[in-house]
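Protein chains: 2
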Amino acid sequence: MAPESSANTPSTTENRGNIAAASGRRASITVELAERSYPIEIGTGITGELADVLRQEVGDLSHALVIADESIQTHWADPIIECLSSIDNVRVNNTNVPSGETTKSVEHLSRLWDWLLSSGADRRSVLFAIGGGVVGDLAGFAAASFTRGIRFVQIPTTLLAMVDSSVGGKTGINLSGGKNMVGAFWQPELVWIDTACLQTMGERDYLSGLAEVVKYGVIEDAEFFDWLCKNAASLLARDHAALQHAVTRSCQSKARVVRDDERETSGRRAILNYGHTFAHAIEATAGYGAILHGEAVSIGMQMAASLAIDMGLCDESLLTRQTELLTACGLPVQFADADADKMLPVMMRDKKVAHGKLRFILPTDIGNVQLVGDVDPAQVRSAIQAHR
Amino acid sequence: MAPESSANTPSTTENRGNIAAASGRRASITVELAERSYPIEIGTGITGELADVLRQEVGDLSHALVIADESIQTHWADPIIECLSSIDNVRVNNTNVPSGETTKSVEHLSRLWDWLLSSGADRRSVLFAIGGGVVGDLAGFAAASFTRGIRFVQIPTTLLAMVDSSVGGKTGINLSGGKNMVGAFWQPELVWIDTACLQTMGERDYLSGLAEVVKYGVIEDAEFFDWLCKNAASLLARDHAALQHAVTRSCQSKARVVRDDERETSGRRAILNYGHTFAHAIEATAGYGAILHGEAVSIGMQMAASLAIDMGLCDESLLTRQTELLTACGLPVQFADADADKMLPVMMRDKKVAHGKLRFILPTDIGNVQLVGDVDPAQVRSAIQAHR
Ligand SMILES: NC(=O)c1ccc[n+]([C@@H]2O[C@H](COP(=O)([O-])OP(=O)(O)OC[C@H]3O[C@@H](n4cnc5c(N)ncnc54)[C@H](O)[C@@H]3O)[C@@H](O)[C@H]2O)c1
Ligand SMILES: NC(=O)c1ccc[n+]([C@@H]2O[C@H](COP(=O)([O-])OP(=O)(O)OC[C@H]3O[C@@H](n4cnc5c(N)ncnc54)[C@H](O)[C@@H]3O)[C@@H](O)[C@H]2O)c1
Ligand SMILES: [Zn+2]
Ligand SMILES: [Zn+2]
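Protein chains in written order, with the UniProt record's numbering: chain F, 1 to 388; chain P, 1 to 388.
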């Protein structure tokens, strides 16, 4: 459902199945999921175009419920609210949630449910989630469950949320005993990405998001990997054109994977976990907060590459090239505190462990990965030790 | 997905598209929802047959999580647990929730989520909800949301749950500000109905469930309405054969409606609300607990019939026949405390009110209803006053 005016004008450099240039500057990607299909619109400084796109993509809009991360309310939510309020006959309600992972809790979910009810939300209302992955996941699940599901729009403001969490319909919260244990698959009506938001991000959070961008190159887009190698400096400088390309290409990757395996049933979606089994073990053993998710993913991809080489799945050059790119992106490629004795037990409890057997997404060459089951723990141990 | 051995042996009296006799005594109905289709198995004293049916219908079962209403644990949950525990390689966990509507809360949902996590539930686990609509709705939503959805089995133990809440996939909880405001459409793998459970029900709760049974006759099964008129006394006596027929026929009605409108998008599912706009207003104005849901539905159907007559949609005989049947079922057909001045404002706030216009499901003759929009409040007032 790309805007009609542009569906037939694919941009020359970025056309790979599901992408078209939506306007002079805006790119439009469709997440193809039959009656649940939706567009991802990507541009810089595009708030002025939102009202038109909402009319085309969301249709009936009389009540907008805006949930924003409190730290970006003034900078990035207020202009959106102003735009929504300027649309004829649209009633707008707004609330905030605190920044940080602890906001993805039952308590904040419950508070949002009550707020939706007291705001007079019903099945025709549309929820807008503005912020990083925390707000998208929490508000997305509130949308999935309020009156058994209302429509919602993702407006991601962090790099990780733009290239990963806002696309694909995974929503949810944490329980005190485990991350992302509760939630729903609930697709948005629209993902609205204004890369201008990235200019206010802290450096470490920003770089952390780049790890997921690099991931797409390794798992399924070799051409993009090459582009990243040439343009890492522009990305570090947060150059608008570079960001537009990198976010677009990443969303395109994610959209393809999600299209092929919306609910994680065929196994295809698992390729997005490249580096993540190691990363989760690093995050868990480093103590929460000591290392950012993207940093752990960067190191985890290095460990996965080493494991793949050790198992004869790919050659050394893959690790060399990945190391160069991650380093050029300002990401860590080793972790002095990595402790195999602590990480292995965590990995054995991971959701991706079937019947006690370690499974990994491992690269065969740049742009290709495969799921490898029953991996020898001794080899996993060596892979960890290769990057400390 | 009816058991293979029986799919081709429809019983002679009960075959109407989606029903077949599953065994000598057990009836089997399929809720036809493409890849989400599931059977409803109905019989008396059939716990001994559950293990076989689970093997056929649920397949991979290694971890069963049983959530039961505490008041029926000993009588009706323990035998099920014993059966589950006797299946090879099945691990069983069990917890209780208190009886009563207040259990459908965020607090109990949160407790169940934590319990699922601490019990080691994962995507391959299967949840069993044993009890009335309260347990089915609450545990069903826990199943819908835990790790974004695990399989579950409905084992309803009240008449209302057997003929209504356990079939159709509506799950959810109440917020302090409103009933059923949060939830999911999440279909079970199997609905297992042992009508023997009805023998321990309190008289008032049991009769209340009969109102929904009568409802199916009026909204879409005239033949069943006639059968009910002839067999009301047997139902009052809780005769096994009569119950088997009445529950089967009701589930068949519900299954047809749900098949045609799984997520309440086409409008067809709204016919299940016959009598309910009045009923909700009666329940709200009578003060919670003063009147049972089914009692209010009985009176609400009477008001709806009067409204239909007043609007020239059906003739007087419909009301006469409905009154006779409801009375024969021991249900109230009028409500001295009905107060139109209080009920009308509640009805205007009902979810079924579109743009401030009163809409009702009204009968045209026994077995047929239609959605009527923009009803004159003065006529609604007369309909209320006709039954006080
Ligand atoms: N749903 C999915 O598919 C999926 C995928 C990956 C990750 N996630 C989830 O995403 C979450 C992480 O997302 P995140 O990294 O965006 O975290 P986040 O939402 O906590 O944002 C990180 C920080 O950036 C701040 N921030 C947001 N936008 C900003 C901006 N434009 N300028 C300055 N600061 C800004 C936030 O206040 C926060 O402090 C995790 O909870 C993770 O589980 C979900
Ligand atoms: N999901 C749906 O489609 C749907 C449809 C209709 C109603 N509902 C919901 O169902 C709920 C009402 O269901 P209900 O009437 O079953 O209420 P309930 O679950 O509260 O059960 C009524 C009473 O009967 C007791 N009980 C249960 N089984 C018994 C047995 N075999 N013997 C003796 N006592 C027994 C319970 O402890 C309770 O006290 C409401 O919350 C309503 O919102 C849901
Ligand atoms: Zn990640
Ligand atoms: Zn009802």
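The beta carbon of each residue, even a glycine, is placed where N, CA and C say it ideally should be. None of the values given here were measured: they were computed from a predicted structure.
Pick from the options that is closest to residue i, judged by C-alpha positions
{"i": "leucine 160 (chain P)", "options": "P:Arg321, P:Ile80, P:Val182, P:Lys254", "result": "P:Lys254"}
{"i": "valine 333 (chain P)", "options": "P:Thr285, P:Gly149, P:Glu203, P:Leu207", "result": "P:Leu207"}
{"i": "histidine 387 (chain F)", "options": "F:Ser306, F:Arg36, F:Leu272", "result": "F:Ser306"}
{"i": "lysine 357 (chain P)", "options": "P:Ala340, P:Pro363, P:Val380, P:Asn368", "result": "P:Val380"}
{"i": "tryptophan 113 (chain P)", "options": "F:Met311, F:Val182, F:Ile271, F:Glu283", "result": "F:Val182"}
{"i": "arginine 269 (chain P)", "options": "P:Pro98, P:Tyr216, P:Met348", "result": "P:Tyr216"}
{"i": "arginine 249 (chain P)", "options": "P:Trp227, P:Ala237, P:Arg259, P:Met348", "result": "P:Trp227"}
{"i": "threonine 102 (chain F)", "options": "F:Lys179, F:Phe225, F:Thr47", "result": "F:Lys179"}
{"i": "isoleucine 67 (chain P)", "options": "P:Ala336, P:Ala340, P:Ala139", "result": "P:Ala139"}
{"i": "glutamate 70 (chain F)", "options": "F:Glu212, F:Ser86, F:Pro98, F:Asp376", "result": "F:Pro98"}
{"i": "histidine 240 (chain P)", "options": "P:Leu198, P:Val58, P:Leu292", "result": "P:Leu198"}
{"i": "lysine 342 (chain P)", "options": "P:Thr285, P:Ala328, P:Ala383, P:Glu316", "result": "P:Thr285"}
{"i": "leucine 84 (chain P)", "options": "P:Ser165, P:Lys104, P:Asp52", "result": "P:Asp52"}
{"i": "asparagine 96 (chain P)", "options": "P:Ala129, P:Met201, P:Ser382", "result": "P:Ala129"}
{"i": "arginine 263 (chain F)", "options": "F:Trp186, F:His245, F:Asp339", "result": "F:Trp186"}
{"i": "glycine 177 (chain F)", "options": "P:Phe152, P:Ala142, P:Ser118", "result": "P:Ser118"}
Contact list for residue i against chain F, beta-carbon separation under 8 Å
{"i": "alanine 184 (chain P)", "result": "Ala144, Ser145, Arg148, Gly149, Ala184"}
{"i": "leucine 371 (chain P)", "result": "Under the 8 Å cutoff, chain F gives no residues; its nearest Cβ is about 16 Å from leucine 371 (chain P)."}
{"i": "leucine 117 (chain P)", "result": "Leu175, Gly177, Gly178, Met181"}
Proximity test, residue i beta-carbon vs ligand 2 heavy atom, cut-off 7 Å
{"i": "glycine 312 (chain F)", "result": "no"}
{"i": "valine 134 (chain P)", "result": "yes"}
{"i": "residue 389 (chain P)", "result": "Not covered by the structure: residue 389 (chain P). The range shown for chain P is 1 to 388."}
{"i": "cysteine 251 (chain F)", "result": "no"}
{"i": "glycine 149 (chain F)", "result": "no"}
{"i": "glycine 131 (chain P)", "result": "yes"}
{"i": "leucine 160 (chain P)", "result": "yes"}
{"i": "methionine 181 (chain P)", "result": "no"}
{"i": "aspartate 69 (chain P)", "result": "yes"}
{"i": "cysteine 329 (chain P)", "result": "no"}
Near ligand 4: residue i beta-carbon under 7 Å from a heavy atom
{"i": "valine 297 (chain P)", "result": "yes"}
{"i": "aspartate 164 (chain P)", "result": "yes"}
{"i": "histidine 293 (chain P)", "result": "yes"}
{"i": "histidine 280 (chain P)", "result": "no"}
{"i": "histidine 245 (chain F)", "result": "no"}
{"i": "histidine 108 (chain F)", "result": "no"}
{"i": "histidine 276 (chain P)", "result": "yes"}
Beta carbon proximity, residue i to chain A, threshold 8 Å
{"i": "aspartate 60 (chain P)", "result": "Among the protein chains of the structure shown, namely F and P, there is no chain A."}
Proximity test, residue i beta-carbon vs ligand 1 heavy atom, cut-off 7 Å
{"i": "isoleucine 72 (chain F)", "result": "yes"}
{"i": "threonine 95 (chain F)", "result": "no"}
{"i": "glutamate 101 (chain F)", "result": "yes"}
{"i": "tryptophan 115 (chain F)", "result": "no"}
{"i": "threonine 265 (chain F)", "result": "no"}
{"i": "methionine 201 (chain F)", "result": "yes"}
{"i": "cysteine 229 (chain P)", "result": "no"}
{"i": "lysine 215 (chain P)", "result": "no"}
Near ligand 3: residue i beta-carbon under 7 Å from a heavy atom
{"i": "glutamate 212 (chain F)", "result": "yes"}
Contacts that residue i makes with chain P (C-beta to C-beta distance below 8 Å)
{"i": "tryptophan 113 (chain F)", "result": "Val106, Leu175, Met181, Val182"}
{"i": "serine 250 (chain F)", "result": "Within chain P, no residue comes near serine 250 (chain F); the closest Cβ sits about 23 Å away, beyond 8 Å."}
Partners in chain F for residue i, counting only beta-carbon separations shorter than 9 Å
{"i": "glycine 312 (chain P)", "result": "Neighbours of glycine 312 (chain P) on chain F: none; closest Cβ ~32 Å, over 9 Å."}
Beta-carbon neighbours of residue i, restricted to chain P and to distances below 9 Å
{"i": "serine 298 (chain F)", "result": "Within chain P, no residue comes near serine 298 (chain F); the closest Cβ sits about 27 Å away, beyond 9 Å."}
Contacts of residue i in chain F (Cβ-Cβ under 7 Å)
{"i": "serine 110 (chain P)", "result": "Val106"}
{"i": "glycine 172 (chain P)", "result": "Arg148"}
Pairs of beta-carbons, one from the segment 146-161 of chain P and one from the segment 113-133 of chain P, closer than 8 Å: are there three or more? Touching, yes.
For the structure I just gave you, are there three or more beta carbon pairs, one from the segment 185-205 of chain P and one from the segment 38-45 of chain P, closer than 8 Å? Contact check between the segment 185-205 of chain P and the segment 38-45 of chain P: three or more CB pairs, one atom from each, fall below 8 Å, which counts as touching.
Is the segment 72-88 of chain P touching the segment 146-154 of chain P, taking contact as three or more C-beta pairs under 8 Å? With a cut-off of 8 Å, the segment 146-154 of chain P and the segment 72-88 of chain P do not count as touching, because too few Cβ pairs lie within range.
Between the segment 270-290 of chain P and the segment 358-366 of chain P, do three or more beta carbon pairs fall short of 8 Å? By the Cβ test, the segment 270-290 of chain P is in contact with the segment 358-366 of chain P, since at least three Cβ pairs between them sit closer than 8 Å.
Take every Cβ of the segment 88-105 of chain P, pair it with every Cβ of the segment 50-62 of chain P, and state whether three or more of those distances are shorter than 8 Å. A contact between stretches requires three or more CB pairs, one per stretch, nearer than 8 Å, and the segment 88-105 of chain P meets this requirement with the segment 50-62 of chain P.
Please determine if the segment 113-128 of chain P and the segment 163-172 of chain P are in contact, where contact requires at least 3 C-beta pairs separated by less than 8 Å. Contact between the segment 113-128 of chain P and the segment 163-172 of chain P is absent, because fewer than three Cβ pairs lie under 8 Å.
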